[in-house]
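**Q** Have a look at this one before I ask anything.
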Amino acid sequence: MRRTKSQVLILMLFALMVGFNQSAHAQGTYDPADKTYIIGDGQMKIEMSQAFWKQVFINNSINLGSIGSASLRSQSWRFPIVAGAIDRVQVIGEINTAGGLFLQKEIPGVGTIRVTVVSLSIDLTESPAVLTGLMIFSDNYQTTNTGSSFSRLKIANLTLPPSMAPPIKEEAFKTIYKQDIVASMHPDMAGFLNLVFNTTNFSEGNSIGSISFFLVGVPSREHVVEDFIFRY
17 MRRTKSQVLI
27 LMLFALMVGF
37 NQSAHAQGTY
47 DPADKTYIIG
57 DGQMKIEMSQ
67 AFWKQVFINN
77 SINLGSIGSA
87 SLRSQSWRFP
97 IVAGAIDRVQ
107 VIGEINTAGG
117 LFLQKEIPGV
127 GTIRVTVVSL
137 SIDLTESPAV
147 LTGLMIFSDN
157 YQTTNTGSSF
167 SRLKIANLTL
177 PPSMAPPIKE
187 EAFKTIYKQD
197 IVASMHPDMA
207 GFLNLVFNTT
217 NFSEGNSIGS
227 ISFFLVGVPS
237 REHVVEDFIF
247 RY
C-alpha cells in the first residue's frame, strides 16, 4: 500500500522522536531472520555544498530546478523514495527515487541547453557506492522541448558514514535514517557536463555535497499476504 507524502513525513517525525529518546547504546535493532530490508517509502535529500553551488551558478551560469515529485529548496533537493532493497549484513542493494532535476543554460545564438536527470538511484552494489541517474539531453530545449535519452550515468561516488557499518539497524516503525553520505562527482558525470555545456570546470572528485535518506520498510506480513495473493 502506497503512503501519501504527509503520512511518510508524519512517520519520519515519530521515528526520529523515538530514536532521540533511546540511549546511545540501544539505538536501532537488527534481527538476523530479517536480513533483507525491502523499501516501501521514504525520502532522499541532497544538500549541495557551497563549492558546487558556486561552480554551477557563478562559474557556469547554469540554472537548477526540480521536476515531477522532487523539489528544490535553497540548496537542497528532495526526492521521494519509491522502491528498493538492502542486504543489511553485506550493505548492498539499491534505493530508487521518483521525480528528477535539471541543469539548464541559455547560450546566445544557440538556444537553451538542458540536461534532465530522472530516476536517481543509490547503488550499493558498486564499490565505492554510487549515485546514478538517467540523463536526457536537449541542445535547444525551448524548441524541441524534450530532448533525447543519453544513458544512465554515474553521477557521484559516495563515501558511506560509520553509521552504515554492518549490520544496518532499524529504528522505530521499521524505519532507517542515515545522513552524512559524502557525494563527490564521478568522472563520467564530469565529462558529460563538460561536453554538453562546453566547459572544463567540472572535474572528478568535485564536491557535490551530502546525502541523507529516510526509509520506511515493508512489514514482513505484507510479503506473505502479497505473495499469497499473487500465487493463488
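Following the working numbering from start to finish, the sequence shown increments by one per residue and tops out at 248.
We put the CB at the ideal spot given by N, CA and C, even for glycine.
Only a predicted model underlies this, so the values are computations on that prediction, with no experimental measurement involved.
CA-CA distance, residue 119 and residue 47?
**A** Their Cα atoms are separated by approximately 43 Å.
**Q** Under DSSP, the beta strand (DSSP E) around residue 98 begins and ends at which residues?
**A** 92-103
**Q** How about residue 200 and residue 222: do their beta carbons lie closer than 8 Å?
**A** yes
**Q** Here's a check: name, in chain order, each residue in its chain whose Cβ is nearer than 7 Å to the Cβ of residue 128, leaving out the five neighbours to either side.
**A** 120, 122, 156, 157 and 158
**Q** Going by the DSSP bridge assignment, what does residue 136 pair with across the sheet?
**A** In the DSSP output, where bridge partners are listed per residue, residue 136 has none listed.
**Q** With DSSP as the reference, identify every bridge partner of residue 171, one or two as the case may be.
**A** DSSP lists no partner for residue 171.
**Q** If you reduce the DSSP assignment to three classes, tell me which class residue 181 lands in.
**A** coil
**Q** So, does the CB of residue 223 fall closer than 8 Å to a CB anywhere in chain B?
**A** Absence of chain B from the displayed structure is noted, only one protein chain being present.
**Q** So, helix, strand or coil for residue 51, using DSSP?
**A** DSSP places residue 51 outside both helix and strand once states are collapsed to three, so it counts as coil.
**Q** Counting beta carbon pairs with one atom in the stretch 77-86 and one in the stretch 99-110, are three or more of them shorter than 8 Å?
**A** no
**Q** Look up residue 146 in the DSSP assignment and say whether it is helix, strand or coil.
**A** strand
**Q** Could you pull the DSSP bridge partners for residue 70 from this structure?
**A** For residue 70, which the question treats as bridged, DSSP gives no partner whatsoever.
**Q** Specify, as a first and last residue, the run of the beta strand (DSSP E) that residue 196 falls within.
**A** 191-201
**Q** Rounded to whole angstroms, what is the Cα-Cα separation between residue 93 and residue 204?
**A** Taking the Cα positions, residue 93 is about 21 Å away from residue 204.
**Q** Among the candidates 87, 191 and 83, whose CA atom is the shortest distance from the CA of residue 101?
**A** 191
**Q** Along the beta strand (DSSP E) that carries residue 78, what are the first and last residues, could you check?
**A** Residue 78 -> no beta strand (DSSP E), and no H or E assigned at all.
**Q** Taking the CB atoms as reference points, tell me whether residue 57 and residue 212 lie closer together than 8 Å.
**A** no
**Q** Name the DSSP beta bridge partners of residue 111, please?
**A** Looking at the DSSP assignment, residue 111 forms a beta bridge with 100 and 138.
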